[in-house]
Amino acid sequence: MGRLSGKVAIITGAARGMGASHARLFVEQGARVVLTDLNVAGGEALAKELGDNAMFVAHDVTKPESWETVVAKAVAAYGTIDILVNNAGILGPMAPTAELDNDGYDLVCAVNQHSVFYGMKAVLPVMVKAARGSIVNISSIAGMAANYGFPSLAYVASKFAVRGMTKATAMEYGKHNIRVNSVHPGFIQTPMMVEATDEVGGEALAQIPLGRIAQPIEVSNVVLFLASDESSYVTGAEHLVDAGMLAH
Ligand code: NAP
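Using the working numbering, read the sequence shown as starting at -15 and increasing by one per residue.
This is the structure we're talking about:
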């Protein structure tokens, strides 16, 4: 029996990178998964590859009405929603604060931060009705400390906010048997990271105690634990997956 047998999950930003890795692992562990993304071709191709227990829904996480469509399609297809992984995110423009343009700031906050609110707001009524649920919000080491290597007040602000929103919602919804946790990856080899640095982590490598960047599955394994009933007493907490980067 899989570790997510019988569960229904929504994973955003699932067409590539870590979201795709989470989707593969969740299906492997018995979940039925709704993959969502702006990238329709990539998302549809992955859902097809994953088979009958996966479906793709085109989704812009910055639009509340787009969330309504995702939730309605998930419930129509699979009957309920047990798990939400708010994974979609962007790095956005890298610039010191005085040079960061307003549109770039707004976009990063919309994709990384406001989406997490819209997503939790959209699935919580379904989870409350079912009296169970696990929400995993993907933040970053940049949600714990500002010195992660790239200048961007917007990215740092959005990822700190995800950590705070996670705790606030965990406190409000514990009585409904709904758990909410944040995950804080370090340097993970995905298209986002490779575009920002290189295949091995660029200058960041010297700051990583384990001496290497991670493969996406190494984050997926932590997300799986938090999504599953194995973490039944874990909520409102932040979970670093950073090879010790913030241990100093
Ligand atoms: P990625 O490879 O860039 O994948 C992110 C996916 O999200 C892409 O498919 C992207 O679609 C999609 N997306 C972007 N904006 C969207 C929107 N408005 N609505 C729906 N989907 C959208 O990124 P990743 O590295 O896997 O990152 C996943 C999460 O982990 C992000 O929240 C990121 O901030 C966080 N994180 C990553 C690292 C790292 O080292 N990689 C470290 C810490 C935290 P398009 O390609 O069409 O834009």
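No residue lacks a Cβ here, since even glycine has one placed at the ideal position from N, Cα and C.
Can you find at least 3 beta carbon pairs, one from the segment 157 to 175 and one from the segment 108 to 121, that sit closer than 8 Å?
Yes, the segment 157 to 175 touches the segment 108 to 121.
Pick out the complete beta strand (DSSP E) segments inside the segment -1 to 31, 3 residues or longer, and give them in chain order.
Segments of the beta strand (DSSP E) lying fully in the segment -1 to 31: 16 to 21.
I'd like to know whether the C-beta atoms of asparagine 71 and glycine 14 end up nearer to each other than 7 Å.
Indexing the sequence shown from 1 puts residue 71 at position 87. Indexing the sequence shown from 1 puts residue 14 at position 30. No, they are not a contact pair.
With burial defined as no fewer than 16 other Cβ atoms inside 10 Å of the residue's Cβ, what is the status of histidine 232: buried or exposed?
Numbered from 1 along the sequence shown, position 248 holds the residue referred to as residue 232. Counting Cβ neighbours within 10 Å, histidine 232 comes out exposed, since fewer than 16 surround it.
Is it true that the CB of alanine 94 sits closer than 7 Å to the CB of threonine 46?
Within the sequence shown, residue 46 is the residue found at index 62, counting from 1. Within the sequence shown, residue 94 is the residue found at index 110, counting from 1. Yes, the pair counts as a contact, with Cβ atoms nearer than the cut-off.
May I have the straight-line CA-CA distance separating arginine 196 from phenylalanine 171, to the nearest angstrom?
Start at 1 with the first residue of the sequence shown, and residue 196 comes out as number 212. Start at 1 with the first residue of the sequence shown, and residue 171 comes out as number 187. The alpha-carbon atoms of arginine 196 and phenylalanine 171 are separated by roughly 9 Å.
Ends of the alpha helix (DSSP H) at glycine 103?
Here residue 103 corresponds to residue number 119 of the sequence shown, with the count starting at 1. Looking at the DSSP string, the run of the alpha helix (DSSP H) that includes glycine 103 is 99 to 114.
Give a yes or no on contact between the segment 63 to 83 and the segment 105 to 114, applying the rule of three or more CB pairs nearer than 8 Å.
The segment 63 to 83 is in contact with the segment 105 to 114.
Let me know if serine 5 comes out buried or exposed under the rule of 16 or more other beta-carbons within 10 Å of its beta-carbon.
On the sequence shown, position 21 is the one that residue 5 refers to. Counting Cβ neighbours within 10 Å, serine 5 comes out buried, since at least 16 surround it.
Any chance the segment 32 to 39 sits against the segment 69 to 89, with 3 or more Cβ pairs inside 8 Å?
No contact exists between the segment 32 to 39 and the segment 69 to 89.
Inspect the beta-carbon positions of proline 169 and methionine 78 and report whether they are closer than 7 Å.
Sequence index remark: in the sequence shown, residue 169 carries index 185 (1-based). Sequence index remark: in the sequence shown, residue 78 carries index 94 (1-based). No.
Under 7 Å between the Cβ atoms of proline 175 and arginine 8?
In the sequence shown, counting from the first residue as 1, residue 175 sits at position 191. In the sequence shown, counting from the first residue as 1, residue 8 sits at position 24. Cβ atoms of proline 175 and arginine 8: not closer than 7 Å.
Any chance the CB of serine 166 is under 6 Å from a heavy atom of the ligand NAP?
As a working mapping, residue 166 is identified with position 182 in the sequence shown. No - the ligand NAP has no heavy atom lying nearer than 6 Å to the Cβ of serine 166.
Using DSSP bridges, identify the partner residues of valine 245.
Past the boundaries of the shown model lies residue 245; the chain is included only from -15 to 232, so the question cannot be answered.
Quick check: what's the CA-CA separation for alanine 31 versus leucine 19?
Counted from its first residue, the sequence shown places residue 31 at position 47. Counted from its first residue, the sequence shown places residue 19 at position 35. Approximately 7 Å between the Cα atoms of the pair.
Whose C-alpha, out of Gly26, Val225, Ala42, Val100, is nearest the C-alpha of isoleucine 192?
Walking along the sequence shown from the start, residue 192 turns up at place 208. If we check each option's Cα against that of isoleucine 192, Val225 comes out closest.
State buried or exposed for asparagine 96, treating a residue as buried only when at least 16 other CB atoms are found within 10 Å of its CB.
Counting from 1 along the sequence shown, the entry for residue 96 is found at position 112. Classification for asparagine 96: buried.
Judging by CA-CA distance, which residue of Lys(-9), Val207, Gln173 is the nearest neighbour of alanine 61?
Position 77 of the sequence shown, counting from 1, holds the residue named residue 61. The candidate whose alpha carbon is nearest that of alanine 61 is Lys(-9).
Kindly examine the ligand NAP and report whether one of its heavy atoms sits closer than 6 Å to the Cβ of serine 124.
In the sequence shown, the residue the question calls residue 124 occupies position 140. For the ligand NAP, at least one heavy atom lies less than 6 Å from the Cβ of serine 124.
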